[in-house]
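Take a look at the structure below.
Number of protein chains: 2
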Amino acid sequence: MCPPLWIAAWALLLHGCAAGRAPPAPSTRNDIRDCSADPPYLPPTATNTTARLAALRSLLRTHGTHAYIVPSTDAHMSEYISERDARLGWITGFTGSAGTAVVTQDAAALWTDSRYWTQAERELDCNWELQRTPSIESIAMWILRAVPAEGNVALDPFLFSIDTWNSYSRALHGSGRTLLPLETNLVDEAWGDQRPLPSSSEIYSLPAEFTGSSWQEKVAGIRRRMEQHVRRPTAVLLSGLEETAWLFNLRGDDIPYNPVFYSYTLLTNTTISLFVEERRLSEAARGSLLSGCPGPLCVELRDYGQVSAHLRRYAQGNVTVWLGTEYTTYGLYGIIPQEKLLEENYSPVMMAKAVKNAHEQEMLRAAHVRDAVAVIQYLLWLEKKVPQGQVDEFSGAQHIDALRWAQEHSHGPSFQSISASGLNAALAHYSPSNGSSRTLSVREMYLFDTGGQYLDGTTDITRTVHWGEPTPLQKEAYTRVLMGNIDLSRLVFPSNTAGRTVESFARRALWDVGLNYGHGTGHGIGNFLSVHEWPVGFQSNNVPLEAGMFTSIEPGYYQDGEFGIRIEDVAVVVEAQTESEEEPFLTFELVSLVPYDRNLIDLSLLSPEQIRYLNSYYERIRAHVGPELRRQRLEEAHAWLQESTEPFPVSSAGTAAAGTLALASLLSVLLSGLGA
Amino acid sequence: MCPPLWIAAWALLLHGCAAGRAPPAPSTRNDIRDCSADPPYLPPTATNTTARLAALRSLLRTHGTHAYIVPSTDAHMSEYISERDARLGWITGFTGSAGTAVVTQDAAALWTDSRYWTQAERELDCNWELQRTPSIESIAMWILRAVPAEGNVALDPFLFSIDTWNSYSRALHGSGRTLLPLETNLVDEAWGDQRPLPSSSEIYSLPAEFTGSSWQEKVAGIRRRMEQHVRRPTAVLLSGLEETAWLFNLRGDDIPYNPVFYSYTLLTNTTISLFVEERRLSEAARGSLLSGCPGPLCVELRDYGQVSAHLRRYAQGNVTVWLGTEYTTYGLYGIIPQEKLLEENYSPVMMAKAVKNAHEQEMLRAAHVRDAVAVIQYLLWLEKKVPQGQVDEFSGAQHIDALRWAQEHSHGPSFQSISASGLNAALAHYSPSNGSSRTLSVREMYLFDTGGQYLDGTTDITRTVHWGEPTPLQKEAYTRVLMGNIDLSRLVFPSNTAGRTVESFARRALWDVGLNYGHGTGHGIGNFLSVHEWPVGFQSNNVPLEAGMFTSIEPGYYQDGEFGIRIEDVAVVVEAQTESEEEPFLTFELVSLVPYDRNLIDLSLLSPEQIRYLNSYYERIRAHVGPELRRQRLEEAHAWLQESTEPFPVSSAGTAAAGTLALASLLSVLLSGLGA
């Protein structure tokens, strides 16, 4: 999947010049809203925020602060948040997933990136300026104009990462304005009793068959890492919700699509403190956590809200606290004296979780086999229904969700299904809604990017299909996206290689003809956890690739207003078959097992090696998914699979005379497009 | 070239997991020295440092400091240093280019990387421990053991980069030890009147025909960048010696191989201060600098030693000083209050210098044509002399240096020529010395990595040759290194792509069979300036590639104790011929114009595209170098060139059946090597 935060992170990276296209320049087009009219014109989708802003401004005055910054994330730096944490949405009316708001007595502004400009114009009322350059520098410049020298700018330190806090601090440094951490969240106060209550649903233990190892073994492993670290940390602090869920083999449903629950963990060399609402633990979960009491494997259950106070007490001792800065808020971080901190980008739990052990790998592979059954059933169903005009984007998404639900161990989708036909697919984050959904047709391409949560693993796959006659440009672009997927998947590389140094292999076939895509190339994935699981991936803040890591590989191409292509597979890093005398070399093995659309592949562009690779992948699909289809008595799907995975003739390779023919046809299409 | 600092930087990067192999683990082998014997055994090459250390320790006591850190660089973060700045060499006896020493009353230790361990054992006496883990963390751990709590650790802040200072500061933070900046350099005091005097040679103006633009135009361009910057800096501070030399079109010879001179520049929006020994300026240089006086284009000449005092005065005003942190010492940086600093990795002068204008490009191309003549003459000479056993590494190096000197506008080599036969070539930084030089032979491979300084440009090229029968492994490894060079050179990529995201294309053909190389893939190069010119290149601290930048491309392969291969060309970034609707796409064009060794190329490994690329490169060599050879009446060399650039048959491509045959032969060689 290629969703909000991930793209946002990528857009930020671009400012550091990572790769790909530059982000779009701030638009000069007119706002949909007309706030200078009398009365102002607003679309009916806008939210009236006058009363909410009045309440917040009153609190600003009470606290003697001149401005208040509201971010879009929660206290755990989560990518998805619960309704209760949708503070930005409540105060602004804007429901996009990425943005920052600043409110003063006289002004209010929202910053968001180009994906959300139209949506923001539809949702904001005239209390709000829409700012289209969502960088901290730009926000700080606005603050410098809006806040008097000697004024102060408040924020909730428990909602900002260490990095973001430092960036604001640097930007205001020397300006006379003070950055004021306010532990009372002013939006929450203004929101009052209208704010959704915290989740009260059950937190449960995963059955042993669905865990890589017992939580006691995991705790012992982390303690070994602590002992082996040169700084000899006495404790590890976990703020990321996935970290605690993984460590204790617990799951919950506090956040849509992510089976996690609100919690913190302080794991010391002798004690374990889990900060969570104790009454929400299932009997089995409670029993498991308390089974080692008293002793070093006894989990002390403490109130979720007690984490700061407890950490403050702990930090008074002769201790060293190890934490990952990417998932810790400035609020918690600031509690620990600098000399007692051991900071790394990711906690040892994140690092341990990133490398799947043999059983975790086996589970993820098994989940992907069942997931492939659902996707193949969907492709077969589309092939029959689309020509009859019986499917739209929304009903398609509903159907694939239902097919996944029917698979064993299913816990629903792992993110909101992306189901996009024709020009809608050029919007990378498009999801259909009932009522405004495009009908699928043999005259245009269809992209679906979907995934499932299963007790044994999380899946994520994108296929792009065309049931009619694709244009030469569509076929060439699809083939080049596929070539990128193949070239990165079959790359052999040394241990300890960073993903960012190899992700260009997924782009080269596109670059060759002046095309590219504006998002990252892949992300880690969990065992019944997040569909975007850091720190694995191809971006600059990802860690080097190691055998046992799982990542998506998902190049694409998007032609604005016309069509969108993405081909996404999940792959596991495995040892390569070379006879290196030194460390092992690595490569990828695809774990997603669904054939590509033959109708969109121009074999003449592929090299013999690429065709051989494709054929061996198709053999693996047949070997793994074929028996499962038979076991589920899906004979028609099995026949479809056999037909769709027929080997390609290697002799067709490279007949496009080194791409010049293809290039010429591509250019003529592009040029005619320009001329039109 | 692939020399000391550059590799060191790469090794450091590896700790951040950039690419390629991990650095070698600290060796457990015995030191050559036997300091426990009575009397200690020392090789005759060791330097007695007892008196020097006694002098330094006495100064430590005088200044009340417990330890003193001595780095290997100078006050300008230069890669090459003058004898006067060889403080590390004087106090330790160790003459390698990279290392750090720490001296306390009771102990003295030197840290250096694996390239220099043997050399250090031969040069250090028993006063010195040799430490083989050259990280700041390791140095700090040693300091924590050697210095009492509440003790202090002194260093000269004008010899440490901001980053290095911060790293020491972080490592000692909270330990009770204080990091003490001592402006008096204690090694200089101990060295006393034995220390070499500063250079007194002339600093001269480049003739207008050898400059890209006048210094006045360059100053105006930098002032435009200041005005356009959102922070509106009032001044730019230049510490890098190349920066001042480039800005004023001045050159000197204070540092071997680098035509620069000791200086600083403070360029404000209204004034220009050049800190330099005024009496060393040639009449013409002085006249040029003062020609705009009084006025905003008048250069005020100030004493080199006055930079701190002047900067301190300037920083008291309402100013903002823009500097590049990579080339500024902590000493100068610390003078400027934090809120008056505009810090970027590289100064605007470094950024402007990195993109060559049309005339600078033309000059660099012209220098490379003449340089190719010298290299082709050398290859022809070797072909005749080597079979007769008449050439050794040292005389070879002397000969190519002489051939370069004979070319127009020559100012000698741009670095110490690397001339390495057989197993010596496996040492990436090997240079021969008279007396210990290996004879070149038709039975082994020969690698030479050399370059020239010309008034119009700096060159750097590596060729590897074999005049007899290469082994299958040598031939395959050479071919794969060449494939890497070709694959990166012909890559098409979007504007704003960072080198580090594409350098793997130079490694892939090696990776495919489990091979790799342990150094970076390329570096920027100047117009009669440094052979390693930052910030252009393929490492993580290089800036995105832009049209007009010049970089080397130099993959290699090194088989310890047997042979070494490197193929290095300088290339310019140019716009690619694609019809992208957005920003232009870029590619490389090779500027080095010397054919590769046909004897070492296994055509069956190459793809048709690679052979076509090679043939078009050879056509360009003929077109550009052929006429110059004729003009210089080098008819024999011209005939050699024609023969050496005969087109390769495209039909030979890919007959190695996707490399499996080649792989098998490679494996058998590797395995037999293991079995031996």
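As given, the protein sequences belong to chains S and P, one line each in that order.
Per our numbering, residue 5 is the first one in the first sequence, and the count goes up by one each step.
Per our numbering, residue 5 is the first one in the second sequence, and the count goes up by one each step.
Each residue gets a CB set at the ideal place from its N, CA and C atoms; glycine is no exception.
Cα-Cα separation between residue i and residue j, rounded to whole angstroms
i	j	result
S205(P)	P211(P)	18 Å
P28(S)	R447(P)	Here the model assigns P28(S) a pLDDT of 44, short of 50, so the residue's position is not dependable, and the following value carries that caveat. Near 58 Å, if we compare the C-alpha coordinates of R447(P) and P28(S).
E623(P)	R602(P)	15 Å
E106(P)	E397(P)	The sequence shown places Val at residue 106(P), not Glu. Each residue's alpha carbon lies about 36 Å from the other.
V390(P)	P474(P)	15 Å
D258(P)	N273(P)	29 Å
L3(S)	S217(S)	Past the edges of chain S, shown from 5 to 680, lies residue 3(S), and the structure says nothing about it.
E125(S)	D117(P)	58 Å
T468(P)	S414(P)	24 Å
A436(S)	N531(S)	In the sequence as presented, Ala is not what sits at residue 436(S); that position holds Pro. Approximately 27 Å between the Cα atoms of the pair.
S608(P)	G560(P)	20 Å
Q614(S)	D491(S)	8 Å
Q392(S)	A406(S)	21 Å
S534(P)	S139(P)	27 Å
Q123(P)	G100(P)	7 Å
Residue i, enclosing alpha helix (DSSP H) - first and last residue
i	result
R136(S)	That residue, R136(S), is in no alpha helix (DSSP H); it is neither H nor E in DSSP.
A113(S)	Element bounds for A113(S): not the alpha helix (DSSP H) but the beta strand (DSSP E), 112–115.
Boundaries (first-last residue) of the beta strand (DSSP E) holding residue i
i	result
S414(S)	414–417
T454(P)	450–454
N489(P)	No beta strand (DSSP E) holds N489(P); the alpha helix (DSSP H) holding it covers 476–493.
G568(S)	567–570
Residues sharing a beta bridge with residue i, DSSP
i	result
L254(P)	S209(P)
P202(S)	Answer is none; P202(S) lacks a bridge partner.
T462(P)	Q457(P)
V578(S)	T591(S)
L327(P)	E347(P)
S655(S)	Partner(s): none; S655(S) has no beta bridge.
H261(S)	Residue 261(S) is actually Tyr in this sequence, not His. Bridge partners of Y261(S): none, in fact.
G560(P)	R570(P)
Proximity winner among the options, relative to residue i (alpha-carbon distances)
i	options	result
E308(P)	R65(P), S86(P), S267(P)	Reading the sequence as shown, one finds Tyr at residue 308(P) and not Glu. Per the Cα distances, S267(P).
R494(P)	E133(P), A580(P), G338(P)	A580(P)
A387(S)	L176(S), A641(S), G488(S), D110(S)	It should be pointed out that residue 387(S) corresponds to Glu in this sequence rather than to Ala. Of the listed residues, the one whose Cα sits closest to E387(S) is A641(S).
E347(S)	Y450(S), A239(S), Y261(S)	A239(S)
G299(P)	T329(P), F279(P), Q220(P)	Q220(P)
L345(P)	Y617(S), E507(S), H177(S)	H177(S)
V578(P)	F589(P), A502(P), E572(P)	F589(P)
Q320(S)	V598(S), L336(S), I340(S), G291(S)	I340(S)
I571(P)	T54(P), R635(P), P599(P)	P599(P)
R181(P)	H233(P), H70(P), Y208(P)	H70(P)
T215(P)	L459(P), T99(P), Q109(P)	L459(P)
Q411(S)	D375(S), Q402(S), H403(S), V395(S)	D375(S)
L597(P)	D606(P), N619(P), T96(P)	N619(P)
T582(P)	L604(S), V517(S), N545(S)	V517(S)
Partners in chain S for residue i, counting only beta-carbon separations shorter than 7 Å
i	result
V517(P)	T582
Under 8 Å from the C-beta of residue i: neighbouring residues of chain P
i	result
H177(S)	Q342, E343
E507(S)	T505
Under 8 Å from the C-beta of residue i: neighbouring residues of chain S
i	result
F589(P)	W515, G518
Residue i beta carbon near the ligand NAD (any heavy atom closer than 7 Å)
i	result
W409(S)	Ligands in the displayed structure: none, and consequently the ligand NAD is not present.
Within chain P, partners of residue i - CB distance below 9 Å
i	result
L495(S)	S508, R512, W515, D516
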